[in-house]
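Q: Heads up: take any position in the sequence shown, counting from 1, add 136, and you land on the working numbering. My questions all concern the structure below.
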Amino acid sequence: MDLNRATLIGRLTRDPELRSIPSGKSVCTISVATSRVWTDAQGQKQKQSEFHNVVLWSKLADVTAQYLRKGSQVYI
137 MDLNRATLIG RLTRDPELRS IPSGKSVCTI SVATSRVWTD AQGQKQKQSE
187 FHNVVLWSKL ADVTAQYLRK GSQVYI
């Protein structure tokens, strides 16, 4: 079995969205922006940003919605 792993360090692009599913579990959706900076062959600095949608469940969803806001830095 193969396992893919991703580590993200970035900032929230909007406030977390907390909701409950019919079973009563909490679900929180966040959007994280990450950036990388490099120097190209001409010596110019370049920057590329990417956006990631992340879904959190149960207690982690509740804590995220309670403490994080747009602009908060996160490590996932």
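All C-beta atoms in this analysis are idealised placements derived from N, C-alpha and C, irrespective of residue type, glycine included.
By DSSP, does residue 221 sit in helix, in strand, or in coil?
A: In the structure displayed, the chain extends from 137 to 212; residue 221 sits before or after that span and is not available.
Q: What alpha helix (DSSP H) runs, 4 residues minimum, are completely inside the stretch 147-205?
A: Counting only runs of 4 or more, we get 194-203.
Q: What's the C-alpha gap between residue 153 and residue 171?
A: Rounded to whole angstroms, residue 153 to residue 171 spans 23 Å at the Cα level.
Q: How about residue 188 and residue 148: do their beta carbons lie closer than 8 Å?
A: Contact flag unset, no.
Q: Please report how far the alpha carbon of residue 165 lies from the alpha carbon of residue 192, in whole angstroms.
A: Their Cα atoms are separated by approximately 6 Å.
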